[in-house]
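Every number in my numbering is 144 more than the matching position in the sequence shown, counting from 1.
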Amino acid sequence: MNIGRYAHSASLLTNGKVLIAGGIHNGTRLNSAELYDPSTRTWIVTGSMHNERYDHTASVLTNGKVLVTGGGIDKNLYNTELYDPSTGIWTLTGKMNSGRIWHSASVLKSGKVLVTGGSNHGITLNTAELY
Numbered sequence: 145m146n147i148g149r150y151a152h153s154a155s156l157l158t159n160g161k162v163l164i165a166g167g168i169h170n171g172t173r174l175n176s177a178e179l180y181d182p183s184t185r186t187w188i189v190t191g192s193m194h195n196e197r198y199d200h201t202a203s204v205l206t207n208g209k210v211l212v213t214g215g216g217i218d219k220n221l222y223n224t225e226l227y228d229p230s231t232g233i234w235t236l237t238g239k240m241n242s243g244r245i246w247h248s249a250s251v252l253k254s255g256k257v258l259v260t261g262g263s264n265h266g267i268t269l270n271t272a273e274l275y
């Protein structure tokens with residue numbers, strides 16, 4: 145990777161590349177993203193998210209785009225972002241009802257994403273949301 149990071153997400157894209165997004169580097173929260181190409185073993189920088197975030201989820205949608213939900217900065221994030229691998233651009237795409245960190249997300253057969261559980265300011269959540 146060009147930037148060492150932890151608490152980031154890694155998503156296998158439909159084109160075979162791996163999207164690495166967000167996380168923390170030496171105490172600094174990141175909004176940057178990188179692509180790894182296993183066929184050439186190279187890393188390239190791609191577009192940055194609108195928000196720094198860590199401990200978020202990233203789900204590859206049926207259309208090949210990547211939905212990033214929640215995570216933290218100094219507070220838990222309510223917003224979601226969508227990455228388009230064909231352009232390398234991130235788009236803000238809505239807000240969840242609860243800010244979430246340490247949650248899970250699953251892509252359903254319908255193509256929707258089910259976001260479940262997690263924590264909001266130290267309170268364990270038993271709620272779920274659909275994107």
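A virtual CB, placed ideally from N, CA and C, is assigned to each residue, including glycine.
All values derive from a computational prediction rather than experimental measurement.
Coil, strand or helix - residue i by DSSP
{"i": "ASN220", "result": "strand"}
{"i": "GLU196", "result": "coil"}
{"i": "TRP187", "result": "strand"}
Residue i versus residue j - alpha carbon distance
{"i": "ILE168", "j": "ILE188", "result": "18 Å"}
{"i": "ASN195", "j": "MET240", "result": "15 Å"}
{"i": "LEU157", "j": "GLY208", "result": "7 Å"}
{"i": "GLY214", "j": "SER153", "result": "12 Å"}
{"i": "GLY171", "j": "ILE217", "result": "11 Å"}
{"i": "ILE267", "j": "THR186", "result": "41 Å"}
Residue i vs residue j beta-carbon contact at 8 Å
{"i": "GLY232", "j": "GLY191", "result": "yes"}
{"i": "TRP234", "j": "LEU226", "result": "yes"}
{"i": "LEU274", "j": "ARG244", "result": "no"}
Counterpart residues of residue i in DSSP-defined beta bridges
{"i": "ALA202", "result": "VAL212"}
{"i": "SER155", "result": "LEU163"}
Three CB pairs or more closer than 8 Å across the stretch 198–208 and the stretch 245–265: yes
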